[in-house]
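Asks: Below is a structure I'd like to ask you about.
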Amino acid sequence: MPLPSFAAGDDPGPSFSELLRRTGPPQRTGSAPGPSSVSLPVTHATTIVALRYAEGVVMAGDRRATEGHTIAHRAIEKVFAADRHSGVSIAGAAGPAVEMVRLFQTELEHYEKVEGSALSLEGKANKLGQMVRANLPMAMEGLAVVPIFAGFDLRRGLGRIFKYDLTGGRYEEADFHATGSGGRDARTTIKLGFRSDMDRAAVIELAVASLYQAADEDSATGGPDVVRGIYPTVATITASGFARVSEAEVAERFGALISHKIAEGTRP
């Protein structure tokens, strides 16, 4: 299949979505199914958190996905690398959310190939906001996607966190954010323990503790599953790039948290 060509004034630019729209098959038109349509079971991703620290940002998410009142998946991934120096985590309808992440990753890669340089962190945050806004018709039908975007800003030399609403509104958070069904409980835990001078070990411990407390209060949030060896996904984003924290380290943090609770007389 030959590569598409465009006239000088008709270039679709560095946007992969625009290129796909111009060269791909015709897009289906028509409105999404209305409220009177048959209700289908939808898998939902739940609690995600992001915290700033001295070296960058930590992102974390529990591993449970729910389908109504049942557990649909015990080990779903909710934290993804967007590119070398940024990450995105998902809450909401899992199918559309994962599809959005994959398209977002492709958008950033395509832009860098066309322009010869990576999009700025602000530009990446804006692009994700456009994608969330494009999903609004589906969100009105119950297929909402609510991501957190974070990354290390090479121009400013610091980590930054962005949250979104269903309309694609983008808002930068100074220190931390959590969303999803257990987001409120996770935010409360982080708020009580957050310090501006936290190092990597301390901020991972706080992220783990926030998900633990969220799971204790919210049935849709999964806690550590020692029997199956399933623990939340944790990643750091620093000047060196996006890096997953090993499951062994996450398990060790949870073990220390539970031991501390037992020592102080609090049941885990």
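Numbering-wise (my numbering), the sequence shown opens with residue -7 and increments by one. In this text, a Cβ means the ideal position worked out from N, Cα and C, and glycines have one as well.
Look at Thr38 and Ala83 and say whether their C-beta atoms are less than 8 Å apart.
Replies: Here residue 38 corresponds to residue number 46 of the sequence shown, with the count starting at 1. Here residue 83 corresponds to residue number 91 of the sequence shown, with the count starting at 1. Yes; because the gap between Cβ atoms is below 8 Å, this pair is in contact.
Asks: Tell me whether Lys116 is buried or exposed, calling it buried when 16 or more other Cβ atoms sit within 10 Å of its Cβ.
Replies: For this step, residue 116 is matched to residue 124 along the sequence shown. Answer is buried; the Cβ neighbour count reaches 16.
Asks: Assuming contact is defined by CB atoms lying nearer than 8 Å, are Val49 and Ile229 in contact in what I supplied?
Replies: Within the sequence shown, residue 49 is the residue found at index 57, counting from 1. Within the sequence shown, residue 229 is the residue found at index 237, counting from 1. Cβ distance < 8 Å, so Val49 and Ile229 count as in contact.
Asks: Would you mind stating whether Gly172 and Ile40 have Cβ atoms separated by less than 8 Å?
Replies: Locating residue 172 in the sequence shown gives position 180, where the first residue counts as 1. Locating residue 40 in the sequence shown gives position 48, where the first residue counts as 1. In this structure, Ile40 lies closer than 8 Å to Gly172 by Cβ.
Asks: Since Glu91 is in the alpha helix (DSSP H), which residue starts that stretch and which ends it?
Replies: Taking the first residue of the sequence shown as 1, we reach residue 91 at position 99. That run of the alpha helix (DSSP H) goes 86 to 107.
Asks: Along the chain, where does the alpha helix (DSSP H) containing Ser251 start, and where does it finish?
Replies: Position 259 of the sequence shown holds residue 251. From DSSP, the alpha helix (DSSP H) with Ser251 extends over 239 to 255.
Asks: Any idea if Ser78 is buried or exposed, counting beta-carbon neighbours within 10 angstroms, 16 or more meaning buried?
Replies: Counted from its first residue, the sequence shown places residue 78 at position 86. Buried: at least 16 other Cβ atoms inside 10 Å.
Asks: Specify, as a first and last residue, the run of the alpha helix (DSSP H) that Ser112 falls within.
Replies: As a working note, residue 112 is residue 120 in the sequence shown. That residue, Ser112, is in no alpha helix (DSSP H); it is neither H nor E in DSSP.
Asks: Run through the DSSP bridge pairs and tell me what Leu128 is partnered with.
Replies: Counted from its first residue, the sequence shown places residue 128 at position 136. Leu128 pairs with nothing; no bridge assigned.
Asks: Can you tell me whether Glu256 is buried or exposed? The criterion is at least 16 other CB atoms within 10 Å of its CB, across all chains shown.
Replies: The residue given as residue 256 occupies position 264 in the sequence shown. Exposed: under 16 other Cβ atoms inside 10 Å.
Asks: Might you give, ordered along the chain, the residues of its own chain that have their beta carbon closer than 7 Å to the beta carbon of Leu100, omitting 5 neighbours on each side?
Replies: For the purposes of this step, residue 100 is identified with residue 108 of the sequence shown, where counting begins at 1. Only Ala74, Asp75, Leu111, Lys116 meet the Cβ criterion.
Asks: By alpha-carbon positions, which one of Gly175, Ala86, Gly221, Lys253 ends up nearest to Ser202?
Replies: As a first step, residue 202 must be located in the sequence shown, where it is residue number 210. Here the closest residue by C-alpha is Gly175.
Asks: Counting Cβ pairs closer than 8 Å, one from the region 179 to 188 and one from the region 141 to 157, do we hit at least three?
Replies: Because the criterion of three Cβ pairs below 8 Å is not met, the region 179 to 188 and the region 141 to 157 do not touch.
Asks: Could you give the residue range of the alpha helix (DSSP H) that holds Tyr204?
Replies: By one-based count along the sequence shown, residue 204 stands at place 212. Per DSSP, Tyr204 belongs to the alpha helix (DSSP H) from 192 to 209.
Asks: With DSSP as the reference, please indicate the residues paired to Tyr45 in a beta bridge.
Replies: The residue you call residue 45 lines up with position 53 of the sequence shown. BP columns for Tyr45 point to Gly48.
Asks: Taking Asp177 as the reference, which of Gly160, Met190, Thr159, Ala212 has the closest Cα?
Replies: Along the sequence shown, read from residue 1 onward, the residue named residue 177 stands at position 185. Nearest option by C-alpha distance: Ala212.
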